[in-house]
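Chains A and B are the protein sequences, given in the same order. Under the numbering used here, the final residue of the first sequence carries the number 207; numbering is consecutive throughout. Under the numbering used here, the final residue of the second sequence carries the number 310; numbering is consecutive throughout. Ideal Cβ positions, reconstructed from N, Cα and C, are used throughout, including at glycine. What follows is a short report on a single structure.
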Amino acid sequence: MSLSRNFAGPKQIFLEATAQLFRGDSENLFHAYNRNDVSTVEHLRAYRDLSESTNLDIGGSYSRGHSVLGPNVVDQLYGVDATIRWKPLRRAIYHSFVGRSEFIWSRLSEPGHIMTPFGYYVSGDYQFARRWFVGGRFDRSQLVRNSVLALEQDTGGSLLLTYWPSEFSQIRGQLRRTQYGSNSNLTANEFLFQFLFSIGAHGAHPF
Amino acid sequence: MSIQHLRNWAAVATILVGAAGSLNAADKLNVVTATQDLASIGADIGGDKVTIEAIAKGYQDPHFVEPKPSFLLKLKKADLLVVVGLQLEIGWLPPLITQSGNSKIQVNANGYMDMSTFCEILEIPTTQVTRAMGDVHPLGNPHYWLNPENGRRIAKAYQNKFSEMRPGDAAYFAQRYSDFDKKLTDAEKRWDAAMAPYKGRKVVTYHRSWPNFCERFGLVVVDYVEPKPGIPPTPSHTLEVINTMKRGGIKLVLVEPYFDLRTPNSIAQQTGGQVLVLMPSVGGVKEVTDYFQLFDYDIKLLTDAFAKIK
């Protein structure tokens, strides 16, 4: 079940509030152990044009549900996010930049014990030609593996190159390096290749 | 009557005048247009009875406008939304209309106005259109405002619409249409005289933005820098364009302000020609602030260039 409402705030700020209620599982995060277990997600977004080429989105979110770690563990997530977009109107089809970041604090609680893992990412995508984009992303997250008693930290970074042959297809190469665990020597270097295509009518593009 | 009484009456009168003023402001028709061209003509007909605002700027490609939430704020309070139509805005306007939640401006509502239905439309495909043909508009070429006769039709459509929405001001809108029509007739004489010596001249254009303009002023478009509408230039097609221009002695490449100039410049260099950045819309450059200045600007650029080329 979802409710969403947008409205004008002060100083030409566009506000959008969304509240969602879920029943069921969400992978690696919430689990419904019985029929009454539901999870919720709330998000408040504030958008403003900084200039005709640049705009800023800032959001705050809250989520709550039963953790996959056990039926007595309740997971609450608090997040803030920001997106800055730049697209010069005269050359909008050739150049643009999108920078995004999100910080999430988690509060895992079970009777007698609380843990507070934290994670974030920062990413940027720059369009340098009509069909070419280059991007980078840095991730760091603390997570609970196997036990609620110990937090581990994974750190990763990616470089991406994307080519759009047409609006219906995308070819992307990604070089990703991830270090699993704060003290382990387990590091993965991966090259990922994606080819995406869609079939359908030329449609309107959601923002 | 004491001085104090006079002051009190003056204060009451000020409040009443102020209230009447704000009623007037609230009574104005709030019009949002897709492009600055439609806003310019709308402002000429609506005068001080309307407030009018455009979404797309004159120097941006109207096919690729980012549908930003700030546009929603404009659409939420609009009484009338005026669009170019013919699917020019298909990539960005439909989600804005839906998300605005404004029932007055939804498609087919009374406050939704598609100006293409009042104008003469060129290049309506007679065969089945597929994406293999590029960004072909299946309902016809949407750059119709670049013929002043269509500008006149747009003005007439505004007059009728404004009069229907504000019957009390119908005479005001009729007078403003009459003034616009006279001004346009005079301007057309000036533009026709300026372009007359160059009738039949051949040009190459970047995109299919100019069929209405060229037909009206007697120019012949022999090829396009784009191999297909909306498809960026390819080396093989660029070579074809160069050969066509060399064979035909064509010296002018007309480019819209939002396209990259590298390929047109390279073509011009190879052919001894010239690249001309013409404005397809009001607001394309600072000095083009209304519909009349749009033609004044483009025709001056063209006639100066033709005069140099001989």
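DSSP-derived helix/strand/coil call for residue i
| i | result |
| --- | --- |
| TYR297/B | helix |
| HIS237/B | helix |
| PHE213/B | helix |
| GLY65/A | strand |
| ASP81/A | strand |
| ASN243/B | helix |
| ASP223/B | strand |
| LEU93/B | helix |
| GLN87/B | coil |
| TYR47/A | strand |
| LEU23/B | Note that LEU23/B has pLDDT 43, beneath the 50 cutoff, so the model's placement of it is unreliable and the number below is only indicative. In this structure, LEU23/B counts as helix in the three-state DSSP scheme. |
| GLY151/B | helix |
| PHE30/A | strand |
| ASP57/A | strand |
| LEU302/B | helix |
| LEU75/B | helix |
| SER182/A | coil |
| LYS68/B | coil |
| LYS11/A | coil |
| HIS205/A | For HIS205/A, the predicted model reports a pLDDT of 47, less than 50, meaning its position is unreliable and no value from the coordinates is stated. |
| LYS156/B | helix |
| GLY283/B | coil |
| LYS308/B | helix |
| GLY218/B | coil |
| GLY248/B | helix |
Cross-strand partners of residue i (DSSP beta bridge)
| i | result |
| --- | --- |
| ARG176/A | SER158/A, GLU190/A |
| SER4/A | THR18/A |
| SER169/A | SER166/A, PHE197/A |
| TRP288/B | Residue identity check: residue 288/B is Val in the sequence provided, not Trp. Its beta-bridge partners do not exist; DSSP assigns none. |
| GLU42/A | ALA19/A, TYR62/A |
| GLN76/A | ARG64/A, ARG107/A |
| LEU146/B | DSSP output for LEU146/B lists no bridge partner at all. |
| VAL275/B | VAL253/B |
| THR263/B | Bridge partners of THR263/B: none, in fact. |
| THR33/B | ALA54/B, VAL82/B |
Cβ pair residue i, residue j closer than 8 Å
| i | j | result |
| --- | --- | --- |
| ASP75/A | GLY65/A | yes |
| MET165/B | LEU75/B | no |
| TYR177/B | TYR206/B | no |
| SER141/A | GLY124/A | no |
| LEU139/B | LEU86/B | yes |
| GLU218/A | LEU160/A | Outside the modelled stretch of chain A, which goes from 1 to 207, sits residue 218/A, for which no answer is possible. |
| SER63/A | VAL80/A | no |
| ARG172/A | GLY156/A | no |
| LYS156/B | MET113/B | no |
| ILE84/A | TYR47/A | no |
| ASP304/B | PHE180/B | no |
| TYR126/A | PHE97/A | yes |
| LEU77/A | ILE104/A | yes |
| LEU82/B | VAL31/B | First, the amino acid is wrong: residue 82/B is Val here, not Leu. In contact: VAL82/B and VAL31/B (Cβ atoms closer than 8 Å). |
| VAL253/B | VAL204/B | yes |
| GLY46/B | ALA78/B | no |
Practice prompt. Would you mind listing the beta strand (DSSP E) stretches within the stretch 83-161 of chain A that are 3+ residues and don't spill past its ends, in chain order?
Written response: Counting only runs of at least 3 residues, the stretch 83-161 of chain A fully encloses the following beta strand (DSSP E) elements, listed from N- to C-terminal order: 96-110, 113-115, 118-129, 132-144.
Discussion item. Please give me, in chain order, every unbroken run of the alpha helix (DSSP H) with length at least 4 that falls completely inside the stretch 96-130 of chain B.
Written reply: Whole alpha helix (DSSP H) segments, 4+ residues: zero.
Practice prompt. Would you check if there are 3 or more beta carbon pairs closer than 8 Å linking the stretch 291-303 of chain B to the stretch 259-274 of chain B?
Written response: Too few Cβ pairs lie closer than 8 Å, so no.
Practice prompt. Could you name each continuous beta strand (DSSP E) segment of 3 residues or more that falls completely within the stretch 39-64 of chain B, going from the start of the chain to the end?
Written response: Look at the stretch 39-64 of chain B and you find these whole runs of beta strand (DSSP E), each 3 residues long or longer: 50-54.
Worksheet item: What runs of the beta strand (DSSP E), each 3 residues or longer, lie entirely inside the stretch 158-209 of chain B?
Response: Fully enclosed beta strand (DSSP E) runs of 3 or longer: 202-205.
Item to complete: Would you be able to state if there are at least three C-beta pairs under 8 Å between the stretch 183-192 of chain B and the stretch 143-155 of chain B?
Response: Below 8 Å, enough C-beta pairs join the stretch 143-155 of chain B and the stretch 183-192 of chain B to call them touching: three or more.
Worksheet entry | Stretch-stretch touch, CB-based, cutoff 8 Å, three pairs: the stretch 102-114 of chain A with the stretch 128-135 of chain A | Segments in contact, no.
Discussion item. Check whether the stretch 88-105 of chain B and the stretch 117-130 of chain B are in contact - that is, three or more C-beta pairs closer than 8 Å.
Written reply: In short, these stretches do not touch, since the Cβ pair count stays below three.
Worksheet item: If you pair each beta-carbon of the stretch 265-273 of chain B with each one of the stretch 228-246 of chain B, do three or more pairs fall below 8 Å?
Response: Counting Cβ pairs under 8 Å, three or more are found: they touch.
Discussion item. If the cut-off is 7 Å on Cβ atoms, which residues from the stretch 58-71 of chain B count as contacting chain D, listed in chain order?
Written reply: Annotation note: the requested chain D is absent from the structure, which comprises protein chains A and B.
Worksheet item: Does the count of Cβ pairs from the stretch 95-104 of chain B and the stretch 66-75 of chain B closer than 8 Å reach three?
Response: With contact defined as three or more Cβ pairs closer than 8 Å, the stretch 95-104 of chain B and the stretch 66-75 of chain B are in contact.
Item to complete: Give a yes or no on contact between the stretch 47-65 of chain B and the stretch 85-104 of chain A, applying the rule of three or more CB pairs nearer than 8 Å.
Response: Result yes; three or more Cβ-Cβ pairs closer than 8 Å.
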